[in-house]
Structure formats: C-alpha cells, structure tokens
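Presented below is the structure to which this report refers.
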Amino acid sequence: MESLLFILFILIVLFIISLKTSDFLLTPQIGYVVGFILQVVFCIFYEKKWNIHLQGRTIFTILFGATEFVFVSVFINWIISKIKQNKKIITIYDMNSIYIARSKLILLFLLQVLTLIGYIIFMNNNMSGSSLALKIYNYRYRTADMGDIIEIPKLLSFFRLISSVVGYILSFVLVYNILHKNKKNRIWYICNIGFSMLLEGILGARGGIFNFIIAIFSEIYIIKFICFKQRVSIKMIVNILVTLIAFLIMLPLIGEVMGRPGMGPLYEVAVYVGAPLKNLDTFLKDMSNYSTKHFSTFYGLLNDIPELAPKNIDISSQRFNGKWQSVNGYTLGNVYTTYANFWYDGGIKCLILDTFLMAFISQIIYQIAFNNHSNSKICNIVYMILYLYFFPAIIFSFFTNRFLNQFFSLYLIKFVIAGIVILIWLFKIKIIVKNK
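Just add 250 to wherever you are in the sequence shown, counting from 1, and you've got this note's numbering.
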C-alpha cells in the first residue's frame, strides 16, 4: 500500500505542476499523468485481491517516466512560448457556424453503410461463430491474442480508413455547430459519426470507439475554451471526472456487444485500467523478458516497410506478445502499460529515449494545433484533428504502447492525406460560412 500511495502522491504533484504551467486541460502532460493516476487508484482498491507488492524497478519506471514526460513537455512549451511571442491565431474559430451540403453528408453515409455491409459479409464468410458478435470476437482473438494474420480486402480497409477520417471531421463540425446553436443537418452528422464508430469496432477492438468518445468530449472543451473563453475551474474538472467514470462504465458494455466474455462491469473496468500496472511489475521481475534487444515499439512501421528492419531479423519475432496473467484466480488481462514495450526493446535506455520521444512529438503536435498562425482553415482543422487523433493515445499510455505505434506508421500518412482530400471536397466546393 505504501508504494502505491507514494506513486499516487508524486503523480498528483506532477498533475498540479502540469496545471500550473497551463490553463488548458488537454495538454499532453495532463492527459498522460491522469491516465496513470486512475490506474494507481484502481490498484489501491484491488491491492489484496491482486497481491500487489511493487518492486523498486516498477516504482522507478512509473515515477521516472511520468516525471520525464511532464518536464520535457513543460520545457518544450516554454521554449516555443519564448520563440513565438504573438498571441494564438486559430482562424477556424472566427466562424459563427459551419454548413456542409446535405447531399455530401448523405453520400458519405451511404458509403459507410456499404462498407459496414462489406465487413459483415467478410466476417460471415471467414470467421466461425453462431452470431456476428462471436465472429468478431473470434477475429480479434485470432489476430490479437494468437498472432494470426487474416487479410482484410484492401478495398474494405481503404473505406474503413475513410470512415474513420469522416468520423473525426464531422464530429468536430457537429460539436462546433451545436455550441453555436446550428441544428441544420444534425441527424446526418450523427448517423455518419455513429457508423464511423461501428466500423472502428467491427474488428473487435474497442480502442477506436473510445478514441472517438474522448475526441468528442475534447472537442467540446476545446471549442468552449477558445470560442467562449472558459478557463479551468473546479466545476469543469468535476465534469470531466464524471465523464471519465461514465466512459469507464461503458467498457464492459461495449465488450459484451462485441461478443467478449463478461467478468462483471466493475471488475472488467478494474482489469482494463488497473491491472496493466500489476502485469508490468510481473514482467519486470523476470530480467530475461528484456535481456535481448527488440523493436516492438516500432513493430507497426517495420511491418509496413520491411526494408527498414535490420538484416537477418524476423519482423514477426519483434512483436511484443503480452501473456495473459492471473493471480489468486483473478484474471488480469494481457496488457502491460507502454513501459513494457520500452523495457522489452532495450531496457532502461529505451525507457528514457522512448519516453522523451513521445513527450517531444506529442508536445510539438499540440503546439502546431493550438499555437499556429496559418490562415488556411483546412490546415487548421487538419492540425486540430491530428491532435485529437493522438490525444487518446497519450491518455492510454497506462494501458499499452499506442502513441508511438500510431505515429510511426503508414496508416498515419494515409489518414492525413485522406483527411486533407475530404476536407477540400467538403469545404472548398460546397461549404458556406457565415461570419459574425
């Protein structure tokens, strides 16, 4: 208990430092620290059931990683603020509301419906199970847990990418218009966003759905912060905490819809949030787990571009395969926080370098999104969506290595290009903007 309370105390201090160095709640350092604070809180409640006795290496990893991330982010923010003395200029927020042609919204919706039907046909033809939910679970189990490679038709994968981009763009426009009291075409925005979320979960992973949920709540806060000049307050922090709790309660419910076996709502949330810390401790106790050099943190990029891999290296062997853990008859899942990948790849050196890299990149993306001087509305929306795409990955560092895996991938390049093309199609051709 003492070690958990000590970690919690230091994390709260880092959270206060992050708040004091910014009046904005959605900075990378705040998102990063909040995730680990929630994790430690859950571990405190399950300390006896999970037999948690953290070793020194685990305590050092959590505290050093969080401290390094916060101070690197704060330092970069300070450097950029010295270089750019001008006030923030974000041109997308000088609009009263944003209108997109209904015909285009309907076209995007039909495209997503056809894509969803295509995935359902693929699941029915290639996966075993008596229901669609069980087929989806079977796909997820075979690809994520067993390491099987099941090829998805390229056309389906492409349209699923388009669906994701559409979801991020239209959720931003919808939130913007709602806060500016514009109800036009709202049902078509909601339908498109709903199908984007369905397609994010069609392969059994809940991460994409949660990313959308976090992004939408982030958009609400961002627009209120910039347009309506609302600053950080106790009420706002309480509202965010309530939202986080509601969000966590949804985890097991969404899992059951996807055919996953249930463990009880409260316990499943505890496993999802708290257990990765216990698993990390178990992983670090066995030094053979990280005695050999690997490239698991960048496995996605190596898989996309095999030529980048060192010679005589089997790329499939570089993947971090977390073993399912249990203690005292309680299942703990198979995720180990982002730090397990860092240790697995190169011990303490990679812990230091990868944490620095993550803090540096995330802070640069944040600065580009919120402190740029571009006069292009399209560019500014791309920057904003890009940060909203990465912000959930920063928060979920307590869960797994998501941020660096997303950043170093061909998918990100495709996502950005598709986003720019769709924005040009939506905004340049048929958008009508009414200025104040």
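We put the beta carbon where it would ideally sit given N, CA and C, even for glycine.
Contact check, Phe-256 vs Thr-605, beta carbons under 7 Å: no
Same chain only: Cβ atoms within 7 Å of Leu-420, ignoring 5 sequence neighbours per side: Tyr-439, Asn-442, Ile-443
Nearest-angstrom Cβ-Cβ length linking Gly-315 and Leu-601, presumed shorter than 8 Å: 7 Å
Straight-line gap, Gly-572 to Asn-584 (C-alpha atoms, nearest Å): 5 Å
Reference Glu-366; option with closest CA among Gly-306, Asp-398, Arg-410: It should be noted that the sequence gives Leu, not Glu, for residue 366. Comparing Cα positions, the closest option is Arg-410.
Segment limits, beta strand (DSSP E) that includes Ser-576: 575 to 577
Heavy atom of the ligand ADP within 6 Å of Leu-357 beta-carbon: Absent from the structure shown: the ligand ADP. Ligands present: none.
Coarse secondary structure for Ile-302, derived from DSSP in three states: coil
Boundaries (first-last residue) of the beta strand (DSSP E) holding Gly-583: 580 to 583
Residues of its chain near Phe-664, where Cβ-Cβ distance is below 8 Å and the 5 sequence neighbours each way are ignored: Checking the displayed sequence, the identity of residue 664 turns out to be Lys instead of Phe. So the list reads Leu-411, once near-sequence residues are dropped.
Cβ neighbour criterion (16 or more within 10 Å) applied to Thr-542: exposed
Endpoints, alpha helix (DSSP H) assigned at Arg-436: 436 to 450
Element boundaries [alpha helix (DSSP H), containing Thr-587]: 587 to 620
Nearest-angstrom Cβ-Cβ length linking Leu-304 and Asp-564, presumed shorter than 8 Å: In fact, because the Cβ distance is near 34 Å, the residues do not count as touching under 8 Å.
Environment of Arg-436 [buried if 16+ CB atoms lie within 10 Å]: exposed
Contact set for Ile-399: own chain, Cβ-Cβ below 8 Å, skip 5 residues either direction: Thr-393
Under the three-state DSSP convention, the category Tyr-296 falls into: coil
Span of the alpha helix (DSSP H) around Leu-361: 352 to 376
Contact between the stretch 452 to 466 and the stretch 664 to 675 (3+ Cβ pairs under 8 Å): no
7 Å CB neighbourhood of Met-377 in its chain, flanking five on each side removed: Lys-385, Asn-388, Tyr-389
Three-state class that DSSP yields for Gln-656 in the structure shown: helix
Short Cβ contact (7 Å threshold) for Phe-649 with Pro-526: yes
Inter-residue Cα distance where the pair is Asp-273 and Leu-448: 35 Å
Alpha helix (DSSP H) segment containing Pro-526, residue limits: 525 to 535
Assigned exposure category for Glu-401 - 16 Cβ within 10 Å defines buried: exposed
Endpoints, the alpha helix (DSSP H) within which Ser-414 is located: 404 to 429
Helix, strand or coil at Ile-667 [DSSP, three-state]: helix
Test item: CB-CB of Ser-546 and Tyr-594 under 7 Å: yes
Coarse secondary structure for Ile-400, derived from DSSP in three states: coil
Status (buried if at least 16 other CB within 10 Å, exposed otherwise) for Pro-704: Because the chain spans 251 through 686 in this model, residue 704 falls outside it and cannot be assessed.
Three-way DSSP call (helix, strand, coil) for Ile-348 in this model: strand
Gly-579 vs Tyr-540 beta-carbon contact at 7 Å: no
Cβ separation of Met-634 and Ala-619, assumed to be a contact under 8 Å, to the nearest whole Å: 5 Å
Proximity to Leu-288 [Cα-Cα], best of Tyr-637, Ile-645, Leu-551: Ile-645
Neighbour-count burial assignment, Ser-253, 16 or more Cβ in a 10 Å radius: buried
Classification of Gly-524 by the beta-carbon crowding that lies within 10 angstroms, buried from 16 upward: buried
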